[in-house]
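**Q** Structure incoming, see below.
Residue numbers (my numbering): 5 to 182.
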């Protein structure tokens with residue numbers, strides 16, 4: 005019997021057996037796979053096991069489902085390969101074995117240091133002129149961070165800076181790790 009593993013999020017380390025037919029994942033207790041994560045919708049994802057193959061469908065979830073480099077269109081069934089991570093909300097799940105080694109911590113993938121800018125690994129001028137508005141965002145956000153305000157107010161102002169520059173973004177969240 006195939007198992008679904010939760011690789012990250014509040015339910016990290018849990019496993020669920022998948023049965024033939026439809027398996028539903030979400031926050032609601034009525035689901036076969038209950039993921040208690042506020043970013044996961046009550047009825048988030050259907051995992052259909054048919055003839056040893058797996059098919060996933062986003063059930064019009066609030067935060068969407070990300071699989072194999074793209075967001076799934078709600079209601080569209082896509083074949084899911086074993087070992088390929090699936091992001092639902094802020095949780096990452098995996099069907100079968102073999103995908104845990106593909107997951108890197110967010111902090112490992114987002115380290116940008118002052119030294120990397122000074123060494124020229126990150127360019128902020130010259131031929132990167134089309135990214136001038138992003139440089140402005142970085143400057144405005146860093147200015148807000150240096151103002152010494154309470155954390156909630158600071159994060160709200162940083163989000164405002166982001167929304168001013170990235171017009172297509174209408175929601176955002178910060179995950180604070182201690």
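All C-beta atoms in this analysis are idealised placements derived from N, C-alpha and C, irrespective of residue type, glycine included.
Would you mind listing the beta strand (DSSP E) stretches within the region 9-94 that are 3+ residues and don't spill past its ends, in chain order?
**A** Counting whole runs of 3 or more residues, the region 9-94 contains the beta strand (DSSP E) stretches 19-21, 25-30, 49-54, 57-62, 69-71, 81-84, 90-92.
**Q** In the DSSP output, what is residue 147 paired with across the bridge?
**A** Bridge partners of residue 147: none, in fact.
**Q** Tell me the rounded alpha-carbon separation between residue 151 and residue 176.
**A** Cα-Cα distance, rounded: 21 angstroms.
**Q** Using a Cβ-Cβ cut-off of 7 angstroms (strictly less than) and excluding sequence neighbours within five positions of residue 15, which residues of its own chain qualify?
**A** Excluding positions up to five away in sequence, the list reads 39, 40, 41, 95.
**Q** Can you name, in chain order, every residue of its own chain whose Cβ lies under 6 angstroms from the Cβ of residue 161, other than the five neighbours on each side?
**A** The answer, listed in chain order, is 148.
**Q** What does DSSP give as the partner residues of residue 98 in its beta bridges?
**A** Bridge partners of residue 98: 9.
**Q** Pull up the distance between the alpha-carbon of residue 77 and that of residue 101, whole angstroms please.
**A** Their backbone Cα atoms lie some 25 angstroms apart in a straight line.
**Q** Assuming residue 58 and residue 37 make a contact with CB atoms under 8 angstroms, what is their CB distance in whole Å?
**A** Contact flag wrong, Cβ pair sits at about 13 angstroms.
**Q** Taking C-beta to C-beta, are residue 52 and residue 30 nearer than 8 angstroms?
**A** Cβ atoms of residue 52 and residue 30: not closer than 8 angstroms.
**Q** Skipping 5 residues on each side, what residues in its chain have a beta carbon closer than 6 angstroms to that of residue 72?
**A** Excluding sequence neighbours, residue 72 sits near 88.
**Q** Would you tell me roughly how many angstroms separate the C-alpha atoms of residue 163 and residue 69, rounded to the nearest one?
**A** The straight-line gap from Cα to Cα measures roughly 23 angstroms.
**Q** Rounding to the nearest angstrom, what Cα-Cα distance links residue 165 and residue 9 in this structure?
**A** Looking at the two C-alpha atoms, the distance is approximately 37 angstroms.
**Q** Let me know the secondary structure DSSP gives residue 167 once reduced to three states.
**A** Note: residue 167 maps to helix in three-state DSSP.
**Q** Under a three-way DSSP split, which group does residue 162 fall into?
**A** Three-state result, residue 162: helix.
**Q** If you reduce the DSSP assignment to three classes, tell me which class residue 176 lands in.
**A** Here residue 176 sits in coil by DSSP.
**Q** Below 8 angstroms CB to CB, which residues in the same chain sit around residue 167 once its five sequence neighbours on both sides are set aside?
**A** Contacts found: 173, 174, 176.
**Q** Given that a residue counts as buried once 16 or more other Cβ atoms are within 10 Å of its Cβ, and exposed if not, what is residue 93?
**A** Residue 93 should be labelled buried.
**Q** Taking all protein chains shown into account, decide if residue 186 is buried (16 or more other Cβ within 10 angstroms of its Cβ) or exposed.
**A** For residue 186 there is no data in the structure shown, the boundaries of the chain being 5 and 182.
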